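*Asks:*
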Amino acid sequence: MERRYILVLALLGLFCNSCIYYDLYFNRNYYRPEQGASSRPILPHFRLAKPEPYRLKTEDLIDTTVIYVRKYKILEEDEIYFLRFFGNGRVASGFLTKDSLSYNNIKRSVAGYYRMRSPMELELQQFLAYSITHASYEYSRGIIKGDTIFLFPYAKKKEKLSEPLINNGKWKGKKNSNCAIYIKQKVDTLTGTPDW
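Its first residue numbered 9, the sequence shown is counted upward by one per residue in the numbering used here.
1) Assign residue 143 to one of three DSSP states: helix, strand, or coil.
2) Run the CB neighbour count on residue 18, radius 10 Å, all protein chains shown included, and call it buried at 16 or more, exposed below.
3) Classify residue 12 as buried or exposed, calling it buried when 16 or more other Cβ atoms lie within 10 Å of its own Cβ.
4) How is residue 195 classed by DSSP in three states: helix, strand or coil?
5) Pick helix, strand or coil for residue 31, following the three-state DSSP scheme.
6) Are the stretch 123-143 and the stretch 75-89 in contact at 8 Å, needing three or more beta carbon pairs?
7) Quick one: what does DSSP say residue 63 is sitting in, helix, strand or coil?
8) Pull the bridge partners of residue 98 from the DSSP assignment, please.
9) Whose C-beta lies closer than 6 Å to the C-beta of residue 27 among residues of the same chain, with five residues either side of it excluded?
10) With a cut-off of 8 Å, do at least 3 Cβ pairs link the stretch 60-68 to the stretch 118-129?
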């Protein structure tokens, strides 16, 4: 009788283990073009790319000759996250590593699209991998004021954006801010074109 239980448990474990491996290899919704590259969707469903990607207009306040950076701490380590916009409606983002030119490595950047709602307001959609098997589309909206983008990560498409809590009495530092703040930074060279 004990052998039967052991056999059933062993078969059950083998069955569950095979399900896990099946998910890892056959149920992914993204791929990586090469080792070390960022994830790309297998079947792209970027809403902001339809019917056609946005084309930058002269009155839009987005600058495609710079990068926008956000500095913050993760576990006491200083991190710098960047956004790089292209004139064809695409956006690349990622962490600036020790190599300060990592914003030119498009294959390692997070893929995304943007669309201007007005010359000062934008919406952004990025494809981010969160686990070994799944990635998702993240939608956010932002306001451009001067050389700064105030990006609201959980803003709904049809709601009016709230005022960034920066220059009024409600703001008590980065932890209480209601948005991510990206500041324009000039760079010497911008190379590469999006591959998505």
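Ideal placement from N, C-alpha and C gives every residue a C-beta, glycine not left out.
Being a predicted model, the structure only gives us computed values, none of them experimental.
*Replies:* This is what the structure gives:
1) strand
2) exposed
3) exposed
4) coil
5) The predicted model places residue 31 with a pLDDT of 47, which falls under 50 and marks its position as unreliable, so this point remains unresolved.
6) no
7) coil
8) 121
9) For residue 27, the pLDDT reaches just 47, beneath the cut-off of 50, and the residue's location in the model is therefore unreliable, leaving the point undetermined.
10) yes
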